[in-house]
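Protein chains in written order, with the numbering used here: chain A, 1 to 379; chain B, 380 to 758.
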């Protein structure tokens with residue numbers, strides 16, 4: 001079942017007439033997800049519960065959208081517009097329906113909320129309400145969750161492939177990374193390889209020395225120095241992302257305290273893997289990981305200040321419960337969800353270590369699609 | 380005056396107590412614009428009219444944000460949070476004020492609307508209203524327009540630099556692009572150079588053959604063939620983007636009809652330049668360009684189906700009136716705004732040509748910061 005068909009089925013289940021995406025300047029990833037091509041202009045996508053799907057692209061993108069749908073075997077009427085007034089005129093009759101799902105979240109600042117569905121900006125939403133005052137707009141969260149949280153066999157195949165490709169590039173890294181290169185040069189070279197095959201999942205984090213203590217460090221113009229080198233990276237091929245972190249040691253042999261922290265993280269990650277299984281509450285892997293860190297003498301409350309994992313898919317931060325000791329225990333992992341497992345220990349302004357693997361949730365046991373070296377790779 | 384100070388001044392002018400940005404997963408570019416670093420988690424930025432600015436980052440990004448502000452000489456209190464409940468608790472007292480500007484647009488589907496300010500998603504906005512029910516939230520459009528539409532001397536300097544660097548890379552292109560390379564390989568190599576120095580302004584468009592007829596073509600795995608090769612590309616250094624399109628001819632000499640269209644576009648662009656001046660209505664350069672295309676016998680209504688230019692700055696599609704024959708004639712260009720000038724002619728499924736330069740609006744005449752070859756470069 002393709003994305004259009006699956007969305008249509010969910011629309012019927014929730015008794016809605018259609019799913020409307022109004023997107024501008026890439027501000028809703030579901031546009032690329034559905035069309036298979038990146039638009040850089042205003043457009044609307046209407047997935048109809050009766051199967052009469054419609055796309056309203058700007059004239060300059062109409063042919064591009066048509067070719068992309070043809071290539072994917074997706075059927076929709078394409079209605080190009082040439083001005084804002086024309087866009088409104090073409091959109092209005094399509095959405096004059098009783099109940100339409102739209103990409104906004106409910107209770108987004110609550111743990112149980114649907115922030116993953118929160119895309120449409122306030123001004124755009126107000127304009128749509130004015131355009132179709134009798135339509136009831138409901139949150140598209142059930143459609144987005146249904147489409148994206150559990151992966152199809154094709155998506156899992158794509159995941160294994162993109163992870164394999166990314167790992168091969170990481171394995172090559174010690175051959176070409178040198179002291180004195182800048183973090184940006186390392187990022188650029190990795191992303192060069194990604195762009196030939198697919199695209200980066202997110203801006204690669206290359207963090208040398210004390211930068212490794214900032215989990216979301218922006219790769220800088222500073223040079224690689226002796227010490228830890230944390231690389232958090234991934235690419236997208238065929239609509240699936242990889243997201244992998246390896247922490248290397250540059251220049252000589254790492255000190256004992258680095259090796260102990262690395263080994264402890266490695267083991268805590270292996271322990272957590274046992275709970276990446278169907279029916280496990282999503283807080284359990286994180287709790288087990290943290291218990292082990294505590295047992296090994298690490299003040300994890302202070303040193304490990306982020307969640308253990310996130311859903312992975314079309315984007316690096318995908319749809320599904322977070323894997324965190326703070327997640328509600330009613331959030332359950334399900335077979336064929338895809339997750340990261342990424343424990344870290346950080347000493348601010350000194351250094352940090354993170355080891356991140358990608359994992360498919362299994363019925364009895366998980367499938368670890370990537371790996372981290374058991375001992376830190378030396379550069 | 381830095382961005383914090385300038386925003387504060389505008390807040391005082393519009394009688395608002397503060398400017399609130401609540402951002403998640405990069406969904407509001409003003410976060411990076413203000414902080415100077417890319418966040419990949421929920422956070423809030425509050426620019427206060429009384430100068431007591433506050434940032435609420437997640438713990439894992441707090442040190443990174445602090446270091447970035449220090450580097451830029453910006454002062455703000457940093458209040459890290461460690462859970463959603465904690466975020467709310469820390470945000471609530473800060474926004475308990477009578478009038479706060481927030482990034483939403485008004486009348487965004489009207490030509491006169493403020494879609495450039497439309498960022499905050501509906502669910503996030505609803506949560507903020509619930510959190511601070513007595514606050515009047517107004518559109519931050521005047522702040523965004525005041526900060527970003529007219530460029531400072533430092534921004535113009537950065538623009539000249541980034542354009543020079545990009546042009547040098549484009550000049551090198553005929554030395555290494557070969558028939559048989561894929562469009563993605565060409566994109567990857569250009570972006571590799573960009574990433575070492577800055578970052579791509581947007582995904583580079585490499586469009587060979589009939590792909591050049593799709594103005595927003597997504598660079599594909601197809602090989603470069605003899606015929607037109609349209610490359611629309613740019614990078615960001617020091618917070619300013621370049622955005623340049625050159626159309627090459629690959630393999631032998633171009634046919635007469637290609638040369639005539641190329642020359643006509645080149646001349647239409649030069650003519651339009653005369654109207655990239657302070658006080659010119661923003662529709663005039665486009666009207667003059669189209670008049671020339673018509674004079675030369677091109678059916679521009681059919682073949683040139685996009686605007687002539689857009690504002691350029693921190694992002695490729697920046698804030699300011701569009702340069703389009705359809706723009707309201709009350710929209711005026713002002714000195715030190717920065718624009719693209721990019722006429723194109725497209726024959727769907729056959730080929731397309733676009734020539735795009737970057738321009739600073741001048742008092743008497745504009746400054747053309749880039750150039751296009753007078754005759755098509757041959758590869």
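Idealized CB from N, CA, C, for every residue including glycine.
**Asked** residue 620 of chain B bridges to which residues according to DSSP?
**Response** B:615
**Request:** Report the residues of the segment 160-194 of chain A with a CB closer than 9 Å to any CB of chain B, ordered along the chain.
**Result:** 182, 184, 185, 187, 188, 189, 191, 192, 193 and 194
**Prompt:** Thinking C-alpha only, which one of B:494, B:413 and B:658 is nearest residue 454 of chain B?
**Reply:** B:413
**Request:** Could you check if residue 83 of chain A is buried or exposed, using at least 16 other CB atoms within 10 Å of its CB as the buried criterion?
**Result:** exposed
**DSSP beta-bridge partners of residue 223 of chain A** = A:182
**Request:** Kindly indicate the opening and closing residues of the alpha helix (DSSP H) around residue 44 of chain A.
**Result:** Premise fails: residue 44 of chain A lies in the beta strand (DSSP E), 43-48, not in any alpha helix (DSSP H).
**Prompt:** Taking C-beta to C-beta, are residue 245 of chain A and residue 342 of chain A nearer than 9 Å?
**Reply:** yes
**Request:** Please check if any C-beta of chain B sits within less than 9 Å of the C-beta of residue 387 of chain A.
**Result:** As shown, chain A starts at 1 and ends at 379. That puts residue 387 of chain A outside it, with no answer to give.
**Message:** Buried or exposed, going by whether 16 or more other CB atoms sit within 10 Å of the CB of residue 204 of chain A?
**Reply:** buried
**Item:** Anticipated Cβ contact below 8 Å, residue 693 of chain B with residue 618 of chain B, distance rounded
**Value:** 5 Å
**Prompt:** beta strand (DSSP E) containing residue 433 of chain B: first to last residue?
**Reply:** 433-435
**Request:** Determine the contact status of residue 248 of chain A and residue 355 of chain A, defining contact as a CB-CB distance below 9 Å.
**Result:** no
**Prompt:** Would you say residue 95 of chain A and residue 131 of chain A are within 9 Å of each other, going by their C-beta atoms?
**Reply:** yes
**residue 568 of chain B burial status per 10 Å Cβ neighbour count (16 or more: buried)** = buried
**Message:** Between residue 604 of chain B and residue 561 of chain B, how many whole angstroms is the CB-CB distance? I'm expecting something under 8 Å.
**Reply:** With 8 Å as the limit, residue 604 of chain B and residue 561 of chain B do not qualify as a contact, their Cβ atoms being about 11 Å apart.
**Asked** So is residue 199 of chain A in contact with chain B if we call contact Cβ pairs under 9 Å?
**Response** yes
**Prompt:** Under 9 Å between C-beta atoms, does residue 484 of chain B make it to chain A?
**Reply:** yes
**Cross-chain neighbours of residue 719 of chain B in chain A, by beta carbon under 8 Å** = Those within 8 Å of residue 719 of chain B in chain A number zero; the least Cβ separation is about 13 Å.
**Request:** With distances taken Cα to Cα, identify the nearest neighbour of residue 396 of chain B among B:580, B:383 and B:426.
**Result:** B:426
**When B:664, B:641, B:522 and B:571 are compared against residue 707 of chain B, the one with the closest alpha-carbon** = B:664
**Residue of A:345, A:261 and A:317 minimising C-alpha distance to residue 302 of chain A** = A:345
**Asked** Is residue 230 of chain A helix, strand or coil when you go by DSSP?
**Response** strand
**Message:** Assuming contact is defined by CB atoms lying nearer than 9 Å, are residue 353 of chain A and residue 174 of chain A in contact in what I supplied?
**Reply:** no
**Asked** Any contact of the segment 474-483 of chain B with the segment 515-535 of chain B, i.e. 3+ C-beta pairs under 8 Å?
**Response** yes
**Request:** Could you check what DSSP says for residue 214 of chain A in three-state terms: helix, strand or coil?
**Result:** coil
**Message:** Looking at the secondary structure, which residues open and close the beta strand (DSSP E) in which residue 727 of chain B lies?
**Reply:** Counting along the chain, residue 727 of chain B falls outside any beta strand (DSSP E), and DSSP gives it neither H nor E.
**Prompt:** Among residues of its own chain, excluding the 5 on either side of residue 268 of chain A, which ones have a beta-carbon nearer than 7 Å to its beta-carbon?
**Reply:** 289, 292, 293 and 343
**Asked** Do you know how far the Cα of residue 651 of chain B is from the Cα of residue 117 of chain A?
**Response** 43 Å
**Request:** Spell out the partners DSSP gives residue 339 of chain A in its beta bridges.
**Result:** A:311 and A:359
**Message:** Let me check one thing: in DSSP terms, what residues is residue 660 of chain B bridge-paired to?
**Reply:** B:711
**Message:** Looking at the secondary structure, which residues open and close the beta strand (DSSP E) in which residue 777 of chain B lies?
**Reply:** As shown, chain B starts at 380 and ends at 758. That puts residue 777 of chain B outside it, with no answer to give.
**Request:** Compare the C-alpha of residue 259 of chain A against each of A:69, A:158, A:54 and A:351 and name the closest.
**Result:** A:351
**Prompt:** What are the boundary residues of the beta strand (DSSP E) that includes residue 584 of chain B?
**Reply:** 584-587
**Asked** Could one say the Cβ of residue 596 of chain B lies closer than 9 Å to chain A's Cβ atoms, at least one of them?
**Response** yes
**Three-state class that DSSP yields for residue 397 of chain B in the structure shown** = strand
**Message:** If you follow the alpha helix (DSSP H) that residue 68 of chain A is in, where does it begin and where does it stop?
**Reply:** 59-72
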